[in-house]
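Under my numbering, think of the first position of the sequence shown as 5, with each following residue one higher.
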Amino acid sequence: MKIKWTFEAKMSYYDTLDYWYEHNGSYEYSLKIMEATKEVESKISENPYLSSKYSKKLNLFKIFFLKGKFVLYYKVLIQENTIEIYSFRSTKQKPIFM
């Protein structure tokens, strides 16, 4: 399945990368986040039902990665053969509620 990001999810992702660059003064941790995100994208594109369902009403799934520090919320759009990344968040943030 192909991967598509919502605008909000992509902005949150970029904001997180920027934050860690500013916080650490280097791109090292941001690159680690990018690599881990690509790995998760690959895993869920091969098996979209790998993770637990977060919201049955919205058909929304969530998957934790990078030692549980980040979470992707996503939808499986079967007719479009697409996984839509709905939200990218640090697990230190409040979870999204549906």
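Just so it is clear, CB atoms sit at the ideal spot from N, CA and C, and this is done for glycine as well.
Residue i, enclosing beta strand (DSSP E) - first and last residue
| i | result |
| --- | --- |
| glutamate 84 | Neither: glutamate 84 is in no beta strand (DSSP E) and is coded neither H nor E. |
Closer than 6 Å: residue i CB and nearest the ligand MG heavy atom
| i | result |
| --- | --- |
| lysine 66 | Among the components of this structure there are no ligands whatsoever, and the ligand MG is therefore not found. |
Between the CA atoms of residue j and residue i - distance to the nearest angstrom
| i | j | result |
| --- | --- | --- |
| threonine 41 | tryptophan 9 | 12 Å |
| isoleucine 7 | alanine 13 | 12 Å |
| isoleucine 87 | isoleucine 48 | 8 Å |
| serine 56 | asparagine 85 | 19 Å |
| leucine 62 | serine 91 | 13 Å |
| serine 46 | phenylalanine 69 | 13 Å |
| glutamate 32 | isoleucine 67 | 23 Å |
| aspartate 19 | glutamine 83 | 31 Å |
C-beta atoms of residue i and residue j nearer than 7 Å
| i | j | result |
| --- | --- | --- |
| threonine 95 | valine 80 | no |
| serine 34 | leucine 54 | no |
Nearest candidate by alpha-carbon position, reference residue i, set the options
| i | options | result |
| --- | --- | --- |
| serine 59 | Gly29, Tyr78, Phe11 | Tyr78 |
Bridge-paired residues (DSSP) for residue i
| i | result |
| --- | --- |
| tyrosine 78 | Phe65, Ile89 |
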